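Take a look at the structure below.
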Amino acid sequence: LSHIFVSPRIRAVKTFQLLLPPPNSAVTGNITYTEDIAEWNYGDYKGLTDLEIRDLRKKGGLDHERDWDIWKDGCKGGESAQQVSERLDRLIMQIKEIQKPHMCGDKPANVLLVAHGLILRCFAKRWLGWMIHSPLPMTLLPGSVSVLRYDISYNPKYF
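Heads up: the sequence shown runs through residues 6 to 164, numbered per my numbering.
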């Protein structure tokens, strides 16, 4: 592994420690704990279900025309979809900078992300160049390992 990016949230840090307990020879690069891959900041909605959020917003005089949608409305006291996209794009640029010198060489430039929740679906969408409100026609199951990779033959100017 060239680099590991870990969400600083306790659950993600514990997952990382279980995944690669020290000392581990697989960890040859740097480890960065970064808010850029931390779970979406739900602000006032933290710990609430979608149904509870919708009910709370309607009681507050919001969303008479349509139901609350995290992609369009964001989270009161938390983040908007635009803010989440911006920090994920920043992380993707860091990953590309790490990998760019090694794309045609023999040295591996694999990067590991350790995080939880909706942020991983958002990351996959931004990795593909999609807006985070776009439907994701794949499943990222809890506790699973997902691999995203480049197809250089398809898009050689990606870098």
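Note that CB positions come from ideal geometry on N, CA and C, so glycine has one too. The structure displayed is predicted, hence computed values, not measured ones.
Taking Cβ positions, are residue i and residue j nearer each other than 8 Å?
i, j, result
"G83", "Y38", "no"
"S7", "I103", "yes"
"D72", "R59", "yes"
"R62", "D55", "no"
Candidates the options: which alpha carbon is nearest residue i's?
i, options, result
"Q121", "W135, G134 and V150", "This sequence places His at residue 121; Gln is not what is there. Considering only alpha carbons, the answer is V150."
"N115", "I137, R95, S85 and R154", "R154"
"F21", "L118, A86 and R95", "L118"
"G168", "I15, L24, R14 and F10", "Only positions 6 to 164 of the chain appear in this structure, which leaves residue 168 out of reach."
"I137", "S85, M108 and I36", "S85"
"N35", "L133, L141, Q99 and E70", "Q99"
"R14", "A43, P26, P27 and P28", "A43"
"V152", "R16, A129, H69 and I75", "A129"
"D41", "E57, D94 and L53", "D94"
"Q87", "P26, H107 and W135", "W135"
According to DSSP, residue i sits in a beta bridge with which residue or residues?
i, result
"V116", "H8"
"I36", "I9"
Can you round the beta-carbon distance between residue i and residue j to whole angstroms, since I take them to be within the 8 Å contact cut?
i, j, result
"V89", "W45", "6 Å"
"G48", "K81", "6 Å"
"R126", "L145", "6 Å"
"L123", "F10", "Their Cβ separation, rounded to whole angstroms, is 17 Å, which puts L123 and F10 out of contact at 8 Å."
Does residue i get closer than 8 Å to chain D when you measure Cβ to Cβ?
i, result
"N46", "Of the protein chains in this structure there is only one, and it is not chain D."
(message) Report the start-end ranges of each alpha helix (DSSP H) in the stretch 77-143 that is 4 residues or longer and not cut off at the edges.
(response) 86-104 and 123-132, all fully within the stretch 77-143.
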